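Order-wise, the sequence lines are chains L and V.
Per our numbering, the first sequence runs over residues 1365 to 1654.
Per our numbering, the second sequence runs over residues 986 to 1244.
No residue lacks a Cβ here, since even glycine has one placed at the ideal position from N, Cα and C.
Predicted model only: the values in this text are computed from it and were never measured.
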Amino acid sequence: MVREAGTTKGSTAALMLAPAGFIFLFFFAVPFAVMAAMSVLTANPMVAPNAAFTLRHYERIAGDIFYFEVLWQTLRLGLLTTILSLLMGYPLAFLIARATSPTARTLLLMAVIAPMVMGLVVRTYAWLGMFSNRGVINGTLMSMGLITEPIPILGSEGAVVIALCHIYVPFMILTLTGVIARIDPRLEEAARGLGATRVKAFIEVTLPLSAPGILAGSLLVFALAISAYVTPIVIGGYEVLTLPMLIFQQVSATFNLGFAAALGVVLLIVALGLVWSYGRAMQRVTRGVV
Amino acid sequence: MRTAFLTLCGLVLAFLLLPVMIVLCFAVNPEPFLAFPPSGFSLRWFAKFFSSRDFMAAFWLSLWLGVATVFVAGTIGTMAALALARGRFRGRAALVQLFLSPIVLPTILTGFALFQLAMVAGTGRNAWILLAGHLVVATPYVLRTVLAVLANFDRSLEEAARGLGASPAAAFREVTLPLIRPGVIAGALFAFIVSFDQFPVSLFLVSPGQETLPIAMFNYLRFDFDGTIAAASCVSILLAITLVLGIERTIGLQEYAKL
Chain L
1365 MVREAGTTKG
1375 STAALMLAPA
1385 GFIFLFFFAV
1395 PFAVMAAMSV
1405 LTANPMVAPN
1415 AAFTLRHYER
1425 IAGDIFYFEV
1435 LWQTLRLGLL
1445 TTILSLLMGY
1455 PLAFLIARAT
1465 SPTARTLLLM
1475 AVIAPMVMGL
1485 VVRTYAWLGM
1495 FSNRGVINGT
1505 LMSMGLITEP
1515 IPILGSEGAV
1525 VIALCHIYVP
1535 FMILTLTGVI
1545 ARIDPRLEEA
1555 ARGLGATRVK
1565 AFIEVTLPLS
1575 APGILAGSLL
1585 VFALAISAYV
1595 TPIVIGGYEV
1605 LTLPMLIFQQ
1615 VSATFNLGFA
1625 AALGVVLLIV
1635 ALGLVWSYGR
1645 AMQRVTRGVV
Chain V
986 MRTAFLTLCG
996 LVLAFLLLPV
1006 MIVLCFAVNP
1016 EPFLAFPPSG
1026 FSLRWFAKFF
1036 SSRDFMAAFW
1046 LSLWLGVATV
1056 FVAGTIGTMA
1066 ALALARGRFR
1076 GRAALVQLFL
1086 SPIVLPTILT
1096 GFALFQLAMV
1106 AGTGRNAWIL
1116 LAGHLVVATP
1126 YVLRTVLAVL
1136 ANFDRSLEEA
1146 ARGLGASPAA
1156 AFREVTLPLI
1166 RPGVIAGALF
1176 AFIVSFDQFP
1186 VSLFLVSPGQ
1196 ETLPIAMFNY
1206 LRFDFDGTIA
1216 AASCVSILLA
1226 ITLVLGIERT
1236 IGLQEYAKL
């Protein structure tokens, strides 16, 4: 049988999709469905046949201001981390994208990727070493005689945001670099040739053209930051309480699966809302540019 | 203006790299707690790490998971990418979205949802559920890199091979596979990093007494601040540097960053 090379028959395609499809159905789609089901049931239906529909888990969340505070704290951490990552990541991404020497570009990329592959716990430990009472900052200030008592840095929201930003800024930089590198530098030169200053040319030409990268990088960093667990615990020392911490607490300490599932659904709704608004915003910027 | 811009970039670079130096510094500092400046030089924390049964067991479990994830996610991700890039069937775009969604959904939820399934189904937590969780979060990276390579793939090469009498299998083996190899390697490296450094998924799925390295390090970190963690970190960093150099040698960092 002769057929055009490069197209795949439906049956072959189905066969090739089957293994990944199997994994995603049973270990991704089904678990989320189970989580959603558990959030509205009184008990585990597999062991308790009289498990009934209930909204009490959601009523408990809606009835206590504490859960709103935790949700707000989680979103705040995500937002602050995203803004700081963008402010720090953009200049470096611009430098990498516009570097003329390939060696310089490779070295800069290495500096960005090395911390990224270093591991989450390792980087959190590094910031613990920076911020602790006898750590780098306090140790240096004390040995210089500027302070006599260590300044408490751990446990503050700012410390958590700085550590989270260090962990997630490489994702922002890599996303931005790819987008900025595709922008023709001649467009900026043309604007300057027409009399715009360097800053004005950047703001009017390059910045709007890099909007898709800014959006994609921000979505990635925000999604990663709101699901952070290690850093808020180690750097925030339970002073900064987030939704993922609360979910794990419900599972490990009180073993309240139904209530934990309801908290999970709340986080899922936030994440889905985010992805949806990202899609809308992306449509708008690409329509404006192209 | 230019000086200000370069200074800013320098500061960001210092911010990125300083913590790496800090870890190296604490790993050889003999003090039994986080103290700066260091009081001397010693390798005692490395000795403690390598002789710790808990850490070594965790290290081997993480390595096993990482390698298994590379092979399984690499295979099923590449197969799915080929089918999705070339198949002409309905619901293709939706399938791509589904397979990529673990990247943008909070990973902690992927782990938590699997945990719920294991509890409700009564299977409990075991190494296989853990591997399944790692596969779900690692496969999207393979799929994404291979799809990116296939998007620039010149199909006339395959047609030429077929025209010259090669069977579909031979054309695939001799032409397609070598051309998509960089994407597969990049995706596999991504998959390894995602698995080896996986925290949120493992958090919910490790069984007590059988922990992965990041979980073991985190548990240690909650009660002890000595240099053992720094030494473990150095081992991870060494692995990371090897990987980065490996990427640079095989496909080039610029390709890797583009994907």
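Tell me which residues share the same chain as residue i and place their Cβ nearer than 8 Å to its Cβ, disregarding the 5 neighbours each side in the sequence.
i	result
residue 1432 (chain L)	none
residue 1589 (chain L)	1441, 1442, 1445, 1446, 1528, 1532
residue 1607 (chain L)	1434, 1435, 1438, 1590, 1627, 1630, 1631
residue 1130 (chain V)	1168, 1169, 1171, 1172, 1175, 1244
Whole angstroms are fine: how far does the CA of residue j sit from the CA of residue i?
i	j	result
residue 1390 (chain L)	residue 1203 (chain V)	29 Å
residue 1231 (chain V)	residue 1469 (chain L)	17 Å
residue 1543 (chain L)	residue 993 (chain V)	21 Å
residue 1511 (chain L)	residue 1008 (chain V)	24 Å
residue 1134 (chain V)	residue 1532 (chain L)	26 Å
residue 1041 (chain V)	residue 1035 (chain V)	7 Å
residue 1562 (chain L)	residue 1460 (chain L)	18 Å
residue 1445 (chain L)	residue 1376 (chain L)	45 Å
residue 1175 (chain V)	residue 1097 (chain V)	22 Å
residue 1447 (chain L)	residue 1143 (chain V)	46 Å
residue 1137 (chain V)	residue 1211 (chain V)	50 Å
residue 1454 (chain L)	residue 1233 (chain V)	24 Å
residue 1222 (chain V)	residue 1546 (chain L)	32 Å
residue 1458 (chain L)	residue 989 (chain V)	14 Å
residue 1474 (chain L)	residue 1420 (chain L)	51 Å
residue 1537 (chain L)	residue 1456 (chain L)	7 Å
residue 1654 (chain L)	residue 1580 (chain L)	The predicted position of residue 1654 (chain L) is uncertain, since its pLDDT is 44 and thus under 50; a value taken from the coordinates is nonetheless stated next. If you take the alpha carbons of residue 1654 (chain L) and residue 1580 (chain L), they lie about 17 Å apart.
residue 1111 (chain V)	residue 1572 (chain L)	49 Å
residue 1396 (chain L)	residue 1103 (chain V)	12 Å
residue 1149 (chain V)	residue 1167 (chain V)	25 Å
residue 1183 (chain V)	residue 1055 (chain V)	13 Å
residue 1394 (chain L)	residue 1105 (chain V)	12 Å
residue 1621 (chain L)	residue 986 (chain V)	56 Å
residue 1071 (chain V)	residue 1426 (chain L)	48 Å
residue 997 (chain V)	residue 1619 (chain L)	43 Å
residue 1310 (chain L)	residue 1464 (chain L)	With chain L represented from 1365 up to 1654, any question about residue 1310 (chain L) goes unanswered, as that position is not in the structure.
residue 1569 (chain L)	residue 1539 (chain L)	19 Å
residue 1497 (chain L)	residue 1213 (chain V)	19 Å
residue 1141 (chain V)	residue 1555 (chain L)	41 Å
residue 1611 (chain L)	residue 1014 (chain V)	37 Å
residue 1064 (chain V)	residue 1553 (chain L)	44 Å
residue 1030 (chain V)	residue 1016 (chain V)	10 Å
residue 1451 (chain L)	residue 1195 (chain V)	41 Å
residue 1228 (chain V)	residue 1488 (chain L)	21 Å
residue 1209 (chain V)	residue 1564 (chain L)	52 Å
residue 1001 (chain V)	residue 1576 (chain L)	24 Å
residue 1638 (chain L)	residue 1066 (chain V)	26 Å
residue 1039 (chain V)	residue 1613 (chain L)	24 Å
When DSSP builds the beta bridges, which residues end up paired with residue i?
i	result
residue 1405 (chain L)	L:1417
residue 1101 (chain V)	Residue 1101 (chain V) pairs with nothing; no bridge assigned.
residue 1195 (chain V)	V:1192
I'd like the list of long-range same chain contacts for residue i, defined as Cβ closer than 6 Å, with 5 residues on each side in sequence excluded.
i	result
residue 1146 (chain V)	1156, 1160
residue 1499 (chain L)	1493
residue 1541 (chain L)	1457, 1460, 1461
residue 1615 (chain L)	1624
Which residues in the same chain as residue i place their Cβ atom closer than 7 Å to its Cβ, once the five residues preceding and following it in sequence are excluded?
i	result
residue 1061 (chain V)	1124
residue 1051 (chain V)	1177, 1180, 1181
residue 1534 (chain L)	1476, 1477, 1479, 1480
residue 1010 (chain V)	1023
residue 1121 (chain V)	1087, 1095
residue 1126 (chain V)	1172, 1175, 1176, 1179
residue 1047 (chain V)	1181, 1197, 1198
residue 1186 (chain V)	1092, 1095, 1096, 1118, 1119, 1122
residue 1188 (chain V)	1096, 1200
residue 1519 (chain L)	1600, 1601, 1603
Query raised in the report: Touching or not, the stretch 1586-1603 of chain L and the stretch 1474-1493 of chain L, by the rule of three or more beta carbon pairs under 8 Å?
Result: The stretch 1586-1603 of chain L is in contact with the stretch 1474-1493 of chain L.
Query raised in the report: Taking one C-beta from the stretch 1523-1530 of chain L and one from the stretch 1420-1439 of chain L each time, how about it: are there three or more such pairs within less than 8 Å?
Result: Cβ pair count under 8 Å is below three, so no.
Query raised in the report: Taking contact to mean at least 3 C-beta pairs separated by less than 8 Å, is the stretch 1391-1403 of chain L in contact with the stretch 1618-1629 of chain L?
Result: Counting Cβ pairs under 8 Å, three or more are found: they touch.
Query raised in the report: Taking one C-beta from the stretch 1077-1090 of chain V and one from the stretch 1601-1619 of chain L each time, how about it: are there three or more such pairs within less than 8 Å?
Result: Short answer: they don't touch.
**Report entry** Any alpha helix (DSSP H) of 4 or more consecutive residues that is wholly inside the stretch 1425-1463 of chain L
**Finding:** Whole alpha helix (DSSP H) segments, 4+ residues: 1429-1462.
Query - Cβ contact check for the stretch 1213-1225 of chain V and the stretch 1500-1507 of chain L: 3 or more pairs under 8 Å - result: No, they do not touch.
**Report entry** 4-residue-minimum alpha helix (DSSP H) runs that sit fully inside the stretch 1131-1216 of chain V, ordered along the chain
**Finding:** Taking only runs of at least 4 residues, the alpha helix (DSSP H) segments lying wholly in the stretch 1131-1216 of chain V are 1140-1148, 1153-1156, 1162-1181, 1185-1190, 1198-1206.
Query raised in the report: Along the chain, which unbroken stretches of the alpha helix (DSSP H) at least 4 residues long are found entirely within the stretch 1571-1640 of chain L?
Result: Here the runs fully enclosed are 1575-1590, 1594-1600, 1607-1616.
Report task. Output the residue ranges of the alpha helix (DSSP H) runs that lie fully inside the stretch 1499-1561 of chain L and measure 4 residues or longer, sorted by chain position. Result -> Listed in chain order, they are 1500-1507, 1521-1545, 1549-1557.
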